[in-house]
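Visitor:
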Amino acid sequence: MAAMSVIGIDFGSESCYVAVARAGGIETIANDYSLRATPSCVAFSGKNRVIGVAAKNQMVSNMKNTIHGFKRLLGRKFKDPFVQQEIKSLPFKVEETSNGNIGIVANYLDENHTFSPEQITAMLFTKLKEISEGALKTKVNDCVISVPSFFTNVERKALLDAAAIAGLNVLRLFNETTATALAYGIYKQDLPNPEEKPRNVVFVDCGYSSLQVSVCAFNKGKLKMLACASDPQLGGRDFDVLLADHFAEEFKAKYKIDAKSNPRAYLRLLGEVEKLKKQMSANSTKLPINIECFMNDIDVRGEMKREDMEAFSGHLFQRVEAVLKQCLADCKLKLDDIYAVEIVGGSSRVPAIKQLLEQVFGKTPSTTLNQDEAVSRGCALQCAMLSPAVRVRDFSVTDIQNYPIKLIWDATKGDDGEMELFNQRDAVPFTKMLSFYRKEPFSMKAIYTGNIPYPDSFIARYVVQDVKPTSKGESQKVKVKVRVNLHGMFSVSGAQLTEKRDATEQEQAEAEQKEAEAKEAQAKDPNAPQEPMDTTESSENTSELNHKDEPMEEDGDKKDKKKTKQITKVVELPVESSVAGYTQQDLNLHIEEECKMIANDKQEKERADARNALEEYVYELRGKLGAEEELGMYVTEADRTELCQKLDSMENWLYEEGEDCNRQVYVDQLTSLKKLGEPIKERRLEHELRPAAVEELRSALQLTRKALEQWRAGDEKYNHLSEEEMRKVEGSIESAQRWLDSNSSALNPPTKTQDPAVKVSAIREQKHSFTSVVNPILSKSKPKVEPPPAADSKDGKDNGSSAGTGDHSSEKNSQEEKMDVE
């Protein structure tokens, strides 16, 4: 079952997909509406939360409490220019919190609540987790979640916080471009060998709100990202807004109504133009758009051709072309070096974008991958690789760092003060070891350099604690390990103090003995591996800074010190970090809130289910009680009238004072109704099933009597049965017949409205009692008769000989067949 819980989540701005790695391969999970796509929407009501498809269905009717587009707000501040631009198009209320973060206001449980984008994202993840657990029939914990390649440290941390609130253990935040490449490459059997020239493939992911283009080099068993370019603010929604604005102006001139002044009408218009855009991708003729009761009870109509749409979207296509050319320049490949161009994402279906791809890369775009599900499938594959529960074909994935990272420290100690640690397109994950010489605790600051799609280049501040001078007052060597991890996030993962002191005579003697033993072993076996001199070096690429704030030692001093052996002791130092995102205390608080909301949703679902069950029973029973209906003839006219009145009053109660009761109230009302309705249903069943049950008993009696007569006539079939056994059979026949005769009148009640005195269950019980006695006797098998001995021993020998020969021949043939198979 553990293998079942390996899932990959494609977290999109508009919708999400969840894929699972099973023994048979990768499968995309369908949600509770039997759809593969779950909209990234969370809606609130006075009683509960509604997430996914149901939330999107009420986006227009419950506009101010249906939250969408929150992925683009993750990890950002309220005054961020990008956020200010985004919230202009959002119909719900977004406000600034006390710490400058984003607060999304919604009416939940009849009170205004303020949620962060991370909390809303966690709610969506809770729904995806619930869908997965329902489909897989097991708990889901480990997952891999897709993330746009252009997300910075802060945004990635926010996504991890959201997953933690939802109770998910994220094995990796996987770049969407890399997930697509993995989904493409792992099934390719014809990739070149590692020593051969790689196969270079361009992947273009044009989604709802962003464009990402990457180039990947494939060899057998591995992929390496070469370059990635993106436009975080260019996607399918930009085309939708252009179309909506065009038709809003047209309707204003034609019908004298302003769609932009009415958020609900504009939201409907956006939905309709999105459908029109998809139709135009497949059809170049003029296509209509019709919306009934659009505004002020006015029906509106418009039309457009693909050529017209492409004409006023020209500036967007120029931005697409710029990203494509940027990626081509960054990868430093010639057009002849590119093997194929693969497109994924909903907006990549636009014909003009396909034409641009062909112009820039000189290749016809290919659609080998599922355009909507490729990212989730790649994430599921990566999760399977990282999970010990699943065996997957070995496939190495090397991602790249999208933005350069610089480390800055105090330059007053005689150091340079800064260093660019990671360059753009460096391999990820990646670790470096830095060496500082310090007498006291010191701080460092990590920042992004270059152009990033985020207003603040600050990543984090780190303070290395517990640094002290040597006994002689000199600086000590501090090694700091910096890393870009699997999530694509920068961190200072540890610090070590390397203490050196003079060895005692005993320690010096032990060290010399070990060195002598090592030299002796090396002399005996020159191929034996030698112990590394410095065990603190990282297994990955290591870069060292050696800056001292003490004067260099004199050569004479060095010569004196060489006479005395020195020993090195490594001490782990605590590192305090100041990073964006939730503290553990904040996380615990939000996890508790999420658990309460989950419990409330469950309670509300149970209450609604109980109410629906009562309502359904009222309608079903009343519909079947008519004189011509299936239950009408099994109830008297007076009882039917009385029951129908009770059902009518129950219906009225449900829509008035019974609209919002506790679950138990509905359960009790249903129980009281069933006491009246179920006897009628049972009466009908009794009437329908009784003739068959009686016939089965009579048939069993008849067959047994026939068998008794055959025994008495000396029939060969039963002549092995004893007289005592057959007397037992005869007694059972008489007993069953007496019961049937004594209850003959009760078996057929005079009217259908009366309950029968003898029920079907009693008839079946009588038949079971009868057959359990007679069947074992009548089905008793005859005793085996020994065959007579062979008349002629010679013939027997011959037969045995020939049989033996046949067996030998058969054995020989069998051996020959086995040999052939081998």
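In this note's numbering, the protein residues as written are 26 to 847. Where is the CB? At the ideal position from N, CA and C, for every residue including glycine. These numbers were taken from a predicted model, which means no experiment stands behind them.
Are K222 and G192 touching if we call contact CB-CB under 8 Å?
Guide: The sequence position of residue 222 within the sequence shown is 197, counting from 1. The sequence position of residue 192 within the sequence shown is 167, counting from 1. No; because the gap between Cβ atoms is not below 8 Å, this pair is not in contact.
Visitor: State the Cα-Cα distance for the pair A732 and L772, rounded to the nearest angstrom.
Guide: Stepping through the sequence shown from its first residue, residue 732 is reached at position 707. Stepping through the sequence shown from its first residue, residue 772 is reached at position 747. In a straight line, the C-alpha of A732 is about 27 Å away from that of L772.
Visitor: Quick one: what's got a C-beta closer than 6 Å to L294's C-beta in the same chain, skipping five residues either side?
Guide: If you number the sequence shown from 1, residue 294 lands on position 269. So the list reads A269 and A284, once near-sequence residues are dropped.
Visitor: Taking 8 Å as the threshold (C-beta atoms), are V75 and N56 in contact?
Guide: Along the sequence shown, read from residue 1 onward, the residue named residue 56 stands at position 31. Along the sequence shown, read from residue 1 onward, the residue named residue 75 stands at position 50. No, they are not a contact pair.
Visitor: Taking contact to mean 3 or more Cβ pairs, one atom from each stretch, closer than 8 Å, check whether the region 739-755 and the region 663-682 are in contact.
Guide: Flag = no, the region 739-755 and the region 663-682 do not touch.
Visitor: Taking the Cβ atom as the reference point for each residue, do I156 and S401 lie within a distance shorter than 8 Å?
Guide: In the sequence shown, residue 156 corresponds to position 131, counting from 1. In the sequence shown, residue 401 corresponds to position 376, counting from 1. Cβ distance not < 8 Å, so I156 and S401 don't count as in contact.
Visitor: Quick test of your reading: A471 and G100, contact by CB under 8 Å. State the CB separation rounded to the nearest angstrom.
Guide: Start at 1 with the first residue of the sequence shown, and residue 471 comes out as number 446. Start at 1 with the first residue of the sequence shown, and residue 100 comes out as number 75. Incorrect: roughly 16 Å between the Cβ atoms, too far for contact.
Visitor: Whole angstroms are fine: how far does the CA of P454 sit from the CA of K573?
Guide: Residue 573 sits at position 548 when you count from the first residue of the sequence shown. Residue 454 sits at position 429 when you count from the first residue of the sequence shown. The predicted position of K573 is uncertain, since its pLDDT is 43 and thus under 50; a value taken from the coordinates is nonetheless stated next. In a straight line, the C-alpha of K573 is about 30 Å away from that of P454.
Visitor: Just grab the DSSP bridge partners of R508 for me.
Guide: Locating residue 508 in the sequence shown gives position 483, where the first residue counts as 1. Its beta-bridge partners are T456 and S516.
Visitor: Could you please give the first and the last residue of the uninterrupted beta strand (DSSP E) stretch that includes Y133?
Guide: Stepping through the sequence shown from its first residue, residue 133 is reached at position 108. That run of the beta strand (DSSP E) goes I127 to Y133.
Visitor: In the DSSP output, which residue or residues are listed as bridge partners for N687?
Guide: The residue you call residue 687 lines up with position 662 of the sequence shown. The partner list for N687 (beta bridge, DSSP) is empty, contrary to what the question assumes.
Visitor: Give the single residue among A354, A62 and N137 whose Cα lies nearest to the Cα of F69.
Guide: Your numbering for residue 69 matches position 44 in the sequence shown. The candidate whose alpha carbon is nearest that of F69 is N137.
Visitor: Would you say the region 645-656 touches the region 620-634, given that touching needs at least three Cβ pairs under 8 Å?
Guide: The region 645-656 vs the region 620-634: no contact.
Visitor: Given 8 Å as the limit, is there contact between the region 441-455 and the region 422-432, that is, 3 or more CB pairs closer than that?
Guide: As far as the Cβ criterion goes, the region 441-455 touches the region 422-432, which means the pair count is three or higher.
Visitor: What separation, rounded to the nearest whole angstrom, lies between the Cα atoms of L341 and L259?
Guide: As a working note, residue 341 is residue 316 in the sequence shown. As a working note, residue 259 is residue 234 in the sequence shown. Spanning the two alpha carbons is a distance of roughly 8 Å.
Visitor: When you compare each of E713, V488 and V417 to S602 by their alpha carbons, which one comes out closest?
Guide: Here the question's residue 602 lines up with position 577 in the sequence shown. Comparing Cα positions, the closest option is V488.
Visitor: Near L115, what residues of its chain come up, given a Cβ to Cβ distance below 7 Å and the 5 sequence neighbours on each side ignored?
Guide: Here residue 115 corresponds to residue number 90 of the sequence shown, with the count starting at 1. Taken in chain order, the residues that qualify are G94.
Visitor: Any idea what DSSP makes of V43, helix, strand or coil?
Guide: Residue mapping note: residue 43 aligns to position 18 of the sequence shown, counting from 1. The answer is strand: DSSP assigns V43 an E or B state.
Visitor: Considering just the uninterrupted stretch of the alpha helix (DSSP H) at K182, what are its terminal residues?
Guide: In the sequence shown, residue 182 corresponds to position 157, counting from 1. It spans N178 to I190 - the alpha helix (DSSP H) in which K182 sits, taken as one unbroken run.
Visitor: With which residues is R19 paired in a DSSP beta bridge?
Guide: No statement about residue 19 is possible, as the shown extent of the chain runs from 26 to 847 and does not include it.
Visitor: So F272 packs on I314, CB below 8 Å; how close in whole Å?
Guide: Locating residue 272 in the sequence shown gives position 247, where the first residue counts as 1. Locating residue 314 in the sequence shown gives position 289, where the first residue counts as 1. Contact flag correct, Cβ pair sits at about 7 Å.
Visitor: What are the boundary residues of the alpha helix (DSSP H) that Q670 is part of?
Guide: Position 645 of the sequence shown, counted from the start, is the residue given in the question as residue 670. Taken as a continuous stretch (DSSP letters only), the alpha helix (DSSP H) holding Q670 covers E662 to L679.
Visitor: Can you list, in chain order, the residues of its chain with a C-beta nearer than 7 Å to that of N510? Leave out the 5 residues immediately preceding and following it.
Guide: Residue 510 sits at position 485 when you count from the first residue of the sequence shown. Cβ within range, chain order: P454 and S516.
Visitor: In the DSSP output, what is Y659 paired with across the bridge?
Guide: Your numbering for residue 659 matches position 634 in the sequence shown. Beta-bridge pairing links Y659 to no other residue.
Visitor: Can you name the start and end residues of the alpha helix (DSSP H) that A635 belongs to?
Guide: Working through the sequence shown from its first residue, we reach residue 635 at position 610. Where A635 is concerned, the enclosing alpha helix (DSSP H) stretches over Q609 to K649.
Visitor: Return the CA-CA distance between E682 and E299, expressed in angstroms with no decimal places.
Guide: The count along the sequence shown starts at 1 and reaches residue 682 at position 657. The count along the sequence shown starts at 1 and reaches residue 299 at position 274. E682 and E299: Cα-Cα distance of roughly 43 Å.
Visitor: Rounding to the nearest angstrom, what Cα-Cα distance links V169 and D355 in this structure?
Guide: To locate residue 169, count along the sequence shown from 1; it is residue 144. To locate residue 355, count along the sequence shown from 1; it is residue 330. C-alpha separation (whole angstroms): 28 Å.
Visitor: Near R197, which residues of its chain fall below 7 Å by C-beta distance, leaving aside the five closest residues on each side in sequence?
Guide: The residue labelled residue 197 in the question sits at position 172 within the sequence shown. Same-chain partners within the cutoff: V169, Q407, L411, L511 and H512.
Visitor: In this structure, how does DSSP classify T122 when only helix, strand and coil are distinguished?
Guide: If you number the sequence shown from 1, residue 122 lands on position 97. Looking at T122 - three-state DSSP - the assignment turns out to be coil, as it is neither helix nor strand.
Visitor: My output table needs one value for H712: the three-state DSSP class, helix, strand or coil.
Guide: The sequence position of residue 712 within the sequence shown is 687, counting from 1. Reduced to three states, the DSSP call for H712 is helix.
Visitor: Give every residue of the same chain whose Cβ lies closer than 6 Å to the Cβ of D186, excluding the five residues on either side of it in the sequence, and list them in chain order.
Guide: The residue you call residue 186 lines up with position 161 of the sequence shown. The residues are E143, G606 and Y607.
Visitor: Buried or exposed for N744, going by 16 or more other Cβ atoms inside 10 Å?
Guide: On the sequence shown, position 719 is the one that residue 744 refers to. Exposed, since its Cβ has fewer than 16 Cβ neighbours within 10 Å.
Visitor: Looking at the structure shown, is P801 part of a helix, part of a strand, or coil, going by DSSP?
Guide: Here residue 801 refers to the residue found at position 776 of the sequence shown. DSSP places P801 in helix when its eight states are reduced to three.
Visitor: Rank I145, M88, E111 and L216 by C-alpha distance to the C-alpha of F117 and give the top, closest one.
Guide: In the sequence shown, counting from the first residue as 1, residue 117 sits at position 92. Of I145, M88, E111 and L216, the residue nearest in Cα terms is M88.
Visitor: Suppose the cutoff is 8 Å on Cβ atoms and the five residues either side in sequence are ignored; what does the same chain contact list for T151 look like?
Guide: If you number the sequence shown from 1, residue 151 lands on position 126. So the qualifying residues of the chain are I76, A191, G192, E619 and I623.
Visitor: Alpha carbon to alpha carbon, how far is D435 from L207? Give it in angstroms, no decimals.
Guide: Here residue 207 is taken as the residue at index 182 of the sequence shown, counted from 1. Here residue 435 is taken as the residue at index 410 of the sequence shown, counted from 1. Near 42 Å, if we compare the C-alpha coordinates of D435 and L207.
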